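Protein chains in written order, with the numbering used here: chain A, 1 to 245; chain B, 1001 to 1245; chain C, 2001 to 2245; chain D, 3001 to 3245. Note sheet for the following structure.
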């Protein structure tokens, strides 16, 4: 069976490359991590830059993948080993159209301990419904920690279930959204909220935090659809000023 | 009844837009937050940039509002949802002529716990009289956390009462002053002092901090009137070097 | 009695202005703080920039003071209120030729608690002999916290005694050295060491830190005479690249 | 006996100077610290920049040393006092071809306490096999803390034994690798992992961290051979954009 790769709006490719650079600029990714977008013309495909440090991404680096994470037009360009994270979540969650995978440093501690992440403020409201922790040991034993095939991607997607964020023990996290803007926004504010929660726990002397309640989180996260566009407008502008695209 | 919008000194509009950028540059605001100025010609009006990331504000973005936070000359420009914070504080507190609302990250933990903010050093002396916490749940139950109408603005203003700073649970804070320079100064040093207090609590092993006493705070804060001008001179210069205005 | 102000090497004035900017660039000072130099031609005088944010200092801003901190050639230029810190330490400590006063944020917590600063590594070896805390309340009761006259300067100098660093409760600190390079170096590494010690205390579960012993500190600090020149060479170069002087 | 100094590929000299600047840019070194490379043509020699702040290194600054850390072609260029760290590790560990010595601030606390470093995520997998602490007091009593001769270098190398990282009490650390890219990568992620572990310990309420197990560490570190090249590609590019080489 041959898959026809639909044409892609060049502005969208530029936005996806810009998203990689935004995440690098905001300290969410360093030399590692990736952001993808479900193909707007065919939900059985997704777009992601080639394997390299996200800060170097350009519009010409975007590869199209099927949902088994097979590259369809890579040519000589390499693919991220952990692309299966993206394909398997897109399969399980038709409501999700963009995914960020990162090792953002303030988030990792929450995957190393039993302290659950909470929504520390309305901008991080998407955390109020919980952020489950994926421990690759449970199904796969001793590994190199990488989500390097479909089976591991499926296990991660099943841990994510119906949430927006999943943590990965001793590894990092994934942030999901129905738009590119929203997944980037959530990846940034997961990192910010983790930093806030860590400080709050230092102040709390063991008492529970007055964080967002679940219903507050649901109501506040609805506003973030617009909020993510305001943030994107700033962050995207910064990339254009640096790159010209 | 028609309100005549008085002319505004263009230098003042530039200063207000610059204040937005100063707050972004100092890490007090990111894609969100806003700073306003009571109109110098008519105390029943206030000035605030249009709804956008503060780092992008320009002198042409300033809208005039009445104290019910109705925009008087917005044209096609959008208004911040939470502008009611500003209008209602201006109504209740004739001594306040400028307000900053932010989600500055080191401050949020103090709204999530029972640890009161203190004045950790003379530059943050305005905190020595206390920083009350506004919990929107108390009057309004489960909400999206936003101060999106006059009633919520009034409740926040009543929590602020006669203080310079109010924290907002799971949201952020407001910093007020009799001048633009002073509200910006207080927003910046509320963030700095929060960071200092968090570290001090880590060192204190549960003993009370040797922070500013209330009278020390009152005396030291009087000096900050001049101090805020020295800081402004630096911060405003940086914006001029970047923008040309 | 007329004091003849000796000529000053223009390169020295540039170095002192650069020291102000170095401290700003390294996060030791923000809009406040100052660095001075005993006059190389007359030990009864000292040099310090005019009152302004240190990041703005230029060689033309340097004022000459006598040791009572009276400005001798200020003209229309303003003087720092707290210049008495400098004059009184120079009087009491003939071995000190340069002083930095700052509110560097990681250091302030050590003036708010009973936790003494230690030398966390050899570059901060000057802390191994101790950093006493000056509490202005003890002699002067409720004040605006500022060292704004000779009496308060004397009290601070007496607390400093024979040390390199003194902390000031709810205010900041002073760092001293026999050269400009050494006082700047010590101000920078007091901040760095405070940050390291804070993290170490978090790890230590209440056990004492394996910090520098006093004799290790004495031996290691001797090496910092050369070390401060290596750091200066880097930091001074950065200022020249920005300012041309 | 005369040692013939083999020719060195100019691209390699540029890479070694760039490595110094990369470490400075990433906050691993400040005015101090050094990175060396075993000579690719003669394993009994190593290459290291002259004594200066690493951020200033240029390809023309590289000196060749024998394994007793005698400079062979220094001319008027000064040598780092602590070069014996490098020579003695190269002697004891033929598998190591590059070494970074730094005082990176988040790592020092682990040398001041009994808390062992762990591998907090797969990128820091090289820490999962442990990071022993070298206490110079044990063999040498009260010193200036510097590894300033062969005997001290040997003692440090023996503490390192077969690990990738050794901490130095009240001083800093060394990070080793079989390539320049890998030693730089390990120095950077030792600092990042230290910061993550410190936050995780704050969250953990005394329970052990769910860090990498030793076998996970071994498997994940194998992947870092490729990972270090991806990071290098980004970091090296940044230096070329700044320096032209």
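By construction, the Cβ of each residue, glycine as well, lies at the ideal position given by its N, Cα and C atoms. Owing to the predicted nature of the structure, the values given are computational and were not obtained by experimental measurement.
Could you tell me how far apart the beta carbons of residue i and residue j are, in whole angstroms, since I believe they sit closer than 8 Å?
{"i": "residue 2147 of chain C", "j": "residue 2211 of chain C", "result": "About 29 Å separates the two Cβ atoms, so there is no contact after all."}
{"i": "residue 156 of chain A", "j": "residue 140 of chain A", "result": "With a Cβ gap of about 11 Å, residue 156 of chain A and residue 140 of chain A do not count as contacting."}
{"i": "residue 1220 of chain B", "j": "residue 2009 of chain C", "result": "Not confirmed; about 38 Å, so no contact."}
{"i": "residue 1176 of chain B", "j": "residue 1089 of chain B", "result": "6 Å"}
{"i": "residue 2066 of chain C", "j": "residue 2044 of chain C", "result": "6 Å"}
{"i": "residue 3231 of chain D", "j": "residue 17 of chain A", "result": "Actually they are not in contact, since the Cβ atoms of residue 3231 of chain D and residue 17 of chain A sit about 19 Å apart, beyond 8 Å."}
{"i": "residue 2159 of chain C", "j": "residue 1203 of chain B", "result": "At roughly 20 Å, the Cβ-Cβ gap does not stay under 8 Å, so residue 2159 of chain C and residue 1203 of chain B are not in contact."}
{"i": "residue 1036 of chain B", "j": "residue 1086 of chain B", "result": "4 Å"}
{"i": "residue 93 of chain A", "j": "residue 48 of chain A", "result": "With a Cβ gap of about 16 Å, residue 93 of chain A and residue 48 of chain A do not count as contacting."}
{"i": "residue 3052 of chain D", "j": "residue 2224 of chain C", "result": "So it is not a contact: roughly 16 Å between Cβ atoms."}
Check whether the Cβ of residue i lies closer than 9 Å to any Cβ atom in chain D.
{"i": "residue 198 of chain A", "result": "yes"}
{"i": "residue 2190 of chain C", "result": "no"}
{"i": "residue 2027 of chain C", "result": "no"}
{"i": "residue 2231 of chain C", "result": "yes"}
Leaving out five residues on either side along the sequence, give the residues of the same chain with a beta carbon under 6 Å from the beta carbon of residue i.
{"i": "residue 3071 of chain D", "result": "3063, 3065, 3079"}
{"i": "residue 172 of chain A", "result": "102, 103"}
{"i": "residue 196 of chain A", "result": "120"}
{"i": "residue 2038 of chain C", "result": "2046, 2090, 2097"}
{"i": "residue 2166 of chain C", "result": "2132, 2134, 2159, 2160, 2174"}
{"i": "residue 3123 of chain D", "result": "3189"}
Taking only beta-carbon atoms, is residue i less than 9 Å away from chain B?
{"i": "residue 2081 of chain C", "result": "yes"}
{"i": "residue 2241 of chain C", "result": "no"}
{"i": "residue 2187 of chain C", "result": "no"}
{"i": "residue 2206 of chain C", "result": "yes"}
{"i": "residue 2031 of chain C", "result": "yes"}
{"i": "residue 180 of chain A", "result": "no"}
Can you confirm whether residue i, when its beta carbon is compared against all beta carbons of chain C, has any partner nearer than 9 Å?
{"i": "residue 1184 of chain B", "result": "no"}
{"i": "residue 3023 of chain D", "result": "no"}
{"i": "residue 3144 of chain D", "result": "yes"}
{"i": "residue 3201 of chain D", "result": "yes"}
{"i": "residue 1223 of chain B", "result": "yes"}
{"i": "residue 1234 of chain B", "result": "yes"}
I need the DSSP call for residue i, collapsed to helix, strand or coil.
{"i": "residue 2114 of chain C", "result": "coil"}
{"i": "residue 1038 of chain B", "result": "strand"}
{"i": "residue 3120 of chain D", "result": "coil"}
{"i": "residue 63 of chain A", "result": "strand"}
{"i": "residue 2134 of chain C", "result": "strand"}
{"i": "residue 1150 of chain B", "result": "helix"}
{"i": "residue 3183 of chain D", "result": "helix"}
{"i": "residue 1086 of chain B", "result": "helix"}
{"i": "residue 3297 of chain D", "result": "Outside the displayed range of chain D (3001 to 3245) lies residue 3297 of chain D, so it cannot be described from this structure."}
{"i": "residue 2099 of chain C", "result": "strand"}
{"i": "residue 1005 of chain B", "result": "coil"}
{"i": "residue 128 of chain A", "result": "coil"}
{"i": "residue 2217 of chain C", "result": "helix"}
If we define contact as Cβ-Cβ less than 9 Å, is residue i a contact residue for chain A?
{"i": "residue 3253 of chain D", "result": "Not covered by the structure: residue 3253 of chain D. The range shown for chain D is 3001 to 3245."}
{"i": "residue 3038 of chain D", "result": "no"}
Using a Cβ-Cβ distance under 9 Å, would residue i count as near chain F?
{"i": "residue 3087 of chain D", "result": "The structure shown contains no chain F; the protein chains it does contain are A, B, C and D."}
Could you name the residues of the same chain whose beta carbon sits closer than 8 Å to that of residue i, not counting the 5 residues immediately before and after it, in chain order?
{"i": "residue 3229 of chain D", "result": "3181"}
{"i": "residue 194 of chain A", "result": "104, 106, 107, 109, 110, 117"}
{"i": "residue 236 of chain A", "result": "15, 18, 22"}
{"i": "residue 217 of chain A", "result": "119, 125, 126, 127, 128, 129"}
{"i": "residue 3170 of chain D", "result": "3108, 3111, 3112, 3145"}
Residues in the same chain with beta-carbon distance under 7 Å from residue i, minus the five sequence neighbours each way, listed in chain order, please.
{"i": "residue 1200 of chain B", "result": "1120, 1209"}
{"i": "residue 248 of chain A", "result": "A question about residue 248 of chain A goes unanswered here, because the residues of chain A that appear run from 1 up to 245."}
{"i": "residue 3026 of chain D", "result": "3188"}
Where the region 3161-3178 of chain D meets chain A: residues whose CB sits under 8 Å from a CB there: none
Check each residue of the region 44-72 of chain A: if its Cβ is closer than 7 Å to any Cβ of chain B, include it; give the result in chain order. none
Of all the residues that make up the region 1093-1124 of chain B, which are near chain A by a beta-carbon distance shorter than 8 Å? 1103, 1105, 1106, 1108, 1109, 1110, 1111, 1112, 1113, 1114, 1115
Would you list, in chain order, the members of the region 3125-3141 of chain D that have their beta-carbon closer than 7 Å to a beta-carbon of chain C? none
Scan the region 3210-3221 of chain D for residues whose Cβ lies nearer than 8 Å to a Cβ of chain A and list them as they occur along the chain. 3210, 3211, 3212, 3213, 3215, 3216, 3219, 3220
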